[in-house]
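These notes concern the structure reproduced below.
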Amino acid sequence: MHTRLFIPGPVDVREDVLSKMAMPQIGHRTKDASELQRRISENMQRIWNTKEQILLSTSSGSGLMEGAIRSCTAKRAAVFSIGDFGKRWYEMGIYNGVEADLFEVELGEITNPALVDEVLASGKYDLVTITHNETSTGVANPIEDIAKVVRKYPEVIFCVDMVSSAGGHKVNIDELGIDIVITSSQKCLGLPAGLAICTFSEKAIERAKDVKNRGYYFDLLTLYKYIVKKDYQYPSTPSISHMFALDYQLDYILNVEGLENRFKRHEDMAEIVRTWAREKFELFPDENYLSKTVTCIKNNRGINVGELNKELKNRGMMISNGYGDLKEKTFRIAHMADTQIEDINELLNNINHILKI
Ligand SMILES: *Cc1c(COP(=O)(O)O)cnc(C)c1O
């Protein structure tokens, strides 16, 4: 039986999108491959409101996160973390020999723009990483306010993890001055895992030229140079199946559903889950910084989340337990990608029924 996923990645994928993954392969050095990847890049620019170059990577999003911090830190990286995914960026830096400092907060809190200002004012850093939407705590950082601060420091490359919000939460990348924004296929974009996408600004390109050991597979400058020289083709064999599905899905997002409608649907779904959570439980993060794509709920009733999920599975649905230290203390309901209002209502009704609440 198909279990509908209400977890923050991988998400449920529509049948028509899935079927694109089964299309006959094409050569990755053909004109068709170039056109396919160019079209995807141009459509991703529309999703993100950017004129900067798009890079595609056959990997999950973590690959490009690692590539970004390694390829573009010449001096030292300031990593601001509000949960497990933020911390991951620090580990990627350290394991790659990149000088980096980690700035953490209590789980459920945001990155304070004033702290970013204070840290960058030290002049020690030439790259900063921010998590836009922290999937482990259901917190959306105030990215506009943070961006305003980062823009005061033109020597700093601004990297943003939008893995669990791109395509579900509107952010204008160029307006905010973000140099590298990263996402994965298996979250709001609504595809199977295996493809990552990022922007690579002119400023980031220039910086990467000053960095010596950028690695190989995830060297963003190598990817960039290759697609410029070879008409949107990549150095190694990409997952053409993902490209077919993404191409189809981006057309759906932009021309069938419409981007603004998609953002609105995410807000509506989030509001339904929040309202339910306030009534039956309690929201984990601060009310002012709630994620639009995943809601983290405090388990103040002391329910057995694992048991709830077992019951839900019998009904063909699945939610997420809390992440890491927040397991059983919280649980998470994702409302992203192509999940519809009806699906959310059905899920919540089933939870009410199971828990008799
Ligand atoms: C899922 C997720 C990641 C990791 O992405 P992968 O595609 O699994 O590598 C990073 N950051 C955030 C915020 C995420 O939700």
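By this note's numbering, the letter at position 174 of the sequence shown is numbered 161, and the numbering carries on one by one without gaps.
Ideal Cβ placement from N, Cα and C applies to all residues, glycine included.
These numbers were taken from a predicted model, which means no experiment stands behind them.
Could you have a look at A153 and say whether DSSP puts it in helix, strand or coil? Three-state result, A153: coil.
Taking 8 Å as the threshold (C-beta atoms), are S109 and L313 in contact? Remark: C-beta atoms of L313 and S109 do not approach each other more closely than 8 Å.
Over what stretch of residues does the beta strand (DSSP E) that includes E91 continue unbroken? Run containing E91: 87 to 91, per the beta strand (DSSP E) assignment.
Which runs of the beta strand (DSSP E) fall wholly inside the segment 272 to 316 and span at least 3 residues, in chain order? Listed in chain order, they are 281 to 285.
Do the segment 66 to 82 and the segment 116 to 134 make contact, defined as three or more Cβ pairs closer than 8 Å? They touch, by the three-pair rule.
Could you give the DSSP three-state label for R319: helix, strand or coil? In the structure shown, R319 falls within a strand segment according to DSSP collapsed to helix, strand and coil.
Which partner residues of D104 appear in the DSSP bridge assignment? DSSP lists no partner for D104.
Is it true that the segment 131 to 147 meets the segment 165 to 176, where meeting means three or more beta-carbon pairs spaced less than 8 Å apart? Counting C-beta pairs closer than 8 Å gives three or more between the segment 131 to 147 and the segment 165 to 176, which meets the contact rule.
Can you list, in chain order, the residues of its chain with a C-beta nearer than 6 Å to that of F205? Leave out the 5 residues immediately preceding and following it. Within the same chain, and ignoring the five residues on either side of F205 in sequence, the residues whose Cβ sits closer than 6 Å to its Cβ are G50, E53, G54.
Measuring alpha carbon to alpha carbon, tell me which of E29, D161, D113, E142 ends up nearest I130. Of the candidates E29, D161, D113, E142, the one whose C-alpha sits nearest the C-alpha of I130 is D161.
Contact check, N286 vs E315 under 8 Å by CB: the rounded distance? A Cβ-Cβ separation of about 6 Å places N286 in contact with E315 under the 8 Å criterion.
Indicate whether G181 and D325 have their beta-carbon atoms separated by less than 8 Å. One thing to note: G181 has its Cβ no nearer than 8 Å to the Cβ of D325.
Below 7 Å, is the gap between the Cβ of F205 and the nearest heavy atom of ligand 1? No, since every heavy atom of ligand 1 falls outside the 7 Å radius drawn around the Cβ of F205.
Taking three-plus beta-carbon pairs below 8 Å as touching, is the segment 264 to 283 in contact with the segment 27 to 40? The segment 264 to 283, when compared against the segment 27 to 40, does not touch it at the 8 Å Cβ threshold.
DSSP three-state assignment for V215, whether helix, strand or coil: Per DSSP, reduced to three states, the secondary structure at V215 is helical.
As assigned by DSSP and simplified to three states, the class of C345: Since the displayed the chain opens at -12 and closes at 344, residue 345 lies outside it and no answer follows.
So, is M304 buried or exposed, given that buried needs 16 or more other C-beta atoms within 10 angstroms? By the neighbour-count criterion, in which 16 or more other beta carbons inside 10 Å mark a residue as buried, M304 falls on the buried side.
Quick one, are the C-beta atoms of C175 and M323 less than 8 Å apart? It is a contact, given that the beta carbons lie within the stated cut-off.
Let me know if I344 comes out buried or exposed under the rule of 16 or more other beta-carbons within 10 Å of its beta-carbon. Exposed is the call here.
For S68, the three-state DSSP class (helix, strand or coil): If DSSP states are grouped into helix, strand and coil, S68 belongs with the strands.
Start-to-end residues for the alpha helix (DSSP H) that takes in A232: For A232, the uninterrupted alpha helix (DSSP H) segment begins and ends at 227 to 238.
Which whole-angstrom value is the C-beta distance of G154 and I240, which I expect to be below 8 Å? The pair is a contact, with the Cβ atoms about 7 Å apart (cut-off 8 Å).
Output needed for P(-3): all residues of its chain with C-beta closer than 6 Å, excluding positions within five of it in sequence on either side, in chain order. Closer than 6 Å at the Cβ level, and outside the excluded window around P(-3), lie Q173, A180.
Starting from A20, trace the alpha helix (DSSP H) both ways and give me its first and last residue. It spans 18 to 35 - the alpha helix (DSSP H) in which A20 sits, taken as one unbroken run.
Can you give the Cα-Cα distance for L89 and I13, rounded to whole angstroms? Approximately 44 Å between the Cα atoms of the pair.
So, under 8 Å CB-CB, N128 and I97 are touching, yes? Tell me the CB distance rounded to an integer number of Å. Beta-carbon to beta-carbon, N128 and I97 are separated by about 5 Å, close enough to satisfy the 8 Å threshold.
Work out the CA separation of L163 and L94 for me, nearest whole Å. Each residue's alpha carbon lies about 25 Å from the other.
With a CB to CB cut of under 8 Å and the five nearest residues on each side skipped, what residues in its chain are close to L107? Within the same chain, Cβ atoms closer than 8 Å to the Cβ of L107 are found at A65, V115, V136, V137, K139, Y140, V143, the five residues on either side in sequence being excluded.
In angstroms, rounded to a whole number, what distance separates the CA positions of P11 and H229? Computed Cα separation, rounded: 12 Å.
CA-CA distance, R302 and E329? Note on geometry: alpha-carbon atoms of R302 and E329 lie some 15 Å from one another.
Nearest neighbour of Q40, chosen from S47, Q24, G48 [CA to CA]: Q40 has its Cα closest to that of Q24, out of S47, Q24, G48.
Beta carbon of A191, beta carbon of C59: below 8 Å? Taking 8 Å as the Cβ cut-off, A191 and C59 qualify as a contacting pair.
What is the residue span of the alpha helix (DSSP H) that S44 lies within? Counting along the chain, S44 falls outside any alpha helix (DSSP H), though it belongs to the beta strand (DSSP E) covering 40 to 44.
Would you check whether ligand 1 has a heavy atom nearer than 7 Å to the C-beta of V150? Yes, the Cβ of V150 comes within 7 Å of a heavy atom of ligand 1.
Nearest-angstrom Cα distance between S6 and N336? Cα-Cα distance, rounded: 31 Å.
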